[in-house]
Structures are given as C-alpha cells and as structure tokens.
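Chemist: Mind having a look at this structure? Questions to follow.
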Amino acid sequence: MVYDSHPGGAGFADRGYHRIDTWLTATRDAVAACPCPRGCPRCVYSPRCGSGNRPLDKSGAHLLLDLLLHALTGPPPSPSGNG
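In terms of this note's numbering, the sequence shown opens at residue 1 and continues consecutively.
Structural data, given as structure tokens:
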C-alpha cells in the first residue's frame, strides 16, 4: 500500500487513487513473483515497521490484493474462457 510521508504529500497517493487497479495488479504480481517463501524486504517487509514485520505475511498480502482487485474489477475470467 502507498503511504506518502512527505509533509503535505508528494501526490503519489492521489495519483495512485486514479490508477488503483493498475497499482494493485502490479503489486500483486510483484509479491507473487518474489521467490521467498513467506515474505521479505523485496515483497512485503518494511524497514520502518515498528513491530519488526511480525504481522506481515506474503500469502496474506497476496490474498488481500486478490480480494481488493476482485472488489474493484470483478472476478477474473475463467481459464476455459466460458465466463
């Protein structure tokens, strides 16, 4: 998720709002493509996490992103192409 820490904002959150489906898809794809098993700084961990990244979980992040995308865009097409 995007957090704009610049005082007054740098405009990233606003731009992301208008491109949310693109940003969420790219984020989900990056998390899925990461070769780590449970999460790492490359996919879900943050160096600023105050609890040592303990609540962060790669599979949970992937599931949440899928649910958000489904809510925004509807279900993905079936593999057979029959809807």
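Using N, Cα and C, we set each Cβ at its ideal position, and we do this for glycine too. Note that the coordinates shown come from a computational prediction; the quantities given were computed from them, not determined experimentally.
Report yes if the CB atom of residue 39 is closer than 8 Å to the CB atom of residue 58, and no otherwise.
Modeler: Contact: yes.
Chemist: Measure the C-alpha to C-alpha separation of residue 24 and residue 43 and round it to an integer number of angstroms.
Modeler: Their backbone Cα atoms lie some 13 Å apart in a straight line.
Chemist: Is there contact between the region 62 to 70 and the region 9 to 28, where contact requires at least three CB pairs shorter than 8 Å?
Modeler: Result yes; three or more Cβ-Cβ pairs closer than 8 Å.
Chemist: Whole-angstrom Cβ separation of residue 28 and residue 69, contact assumed at under 8 Å?
Modeler: Yes, residue 28 and residue 69 are in contact; Cβ-Cβ is about 7 Å, under 8 Å.
Chemist: Taking residue 71 as the reference, give the member of 10, 9, 20, 4 with the closest Cα.
Modeler: For residue 71, the nearest C-alpha among the options comes from 20.
Chemist: Could you check the C-alpha separation between residue 11 and residue 36 for me, to the nearest Å?
Modeler: Going from the Cα of residue 11 to the Cα of residue 36 covers about 31 Å.
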